[in-house]
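Read left to right, the sequence shown gives residues 14 to 141 (the numbering used here). Here the structure comes first, spelled out in structure tokens, and everything after it is commentary.
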Amino acid sequence: MRDWKVLIHIPRSIFSMDSMKGQGGIQMLLTVEWEAQQIISCAKNCRVKLARLKQAKEEAEMDVKLYRSNMEASYQKKISKTSGSSGSNVKGLDEETTIRIQSLKESAARVSSDIVAMLIKHVTIVKA
């Protein structure tokens, strides 16, 4: 099948009355008509293929947009989780640190009198 873009050059002499009289003229016209039908058929097929390619391109673009939006949403969700959790982690660590400091102060307050008494006892005892 020929490409539909190819132009067929038919010399003017083909259409002269002398060549139309015989079988060769009729055969020539049938051949030209058949080639024209082939060109038209090829053009129709190309048009159908082009329409399908355009449709496939549009579908692919929609798929890309959907995928991109899903990935962006996932990324934003991870970012918000990470930044939100780091803020909550800092807050949790501050609370935990405050509780531990308070626990150590209470513990020191309970044993401070015993430690002071032990230090005085060791400082005042003289070994010979």
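Glycine included, every Cβ here is placed at the ideal spot set by N, Cα and C.
Quick check: the Cα distance between residue i and residue j, rounded to an integer number of angstroms?
i      : j      : result
Leu107 : Thr137 : Sequence check: residue 107 is Asp here, not Leu. Taking the straight line joining both Cα atoms gives about 43 Å.
Ser126 : Thr95  : 47 Å
Lys134 : Ile112 : 33 Å
Lys90  : Val61  : 43 Å
Quick check on DSSP: helix, strand or coil for residue i?
i      : result
Val129 : helix
Val139 : coil
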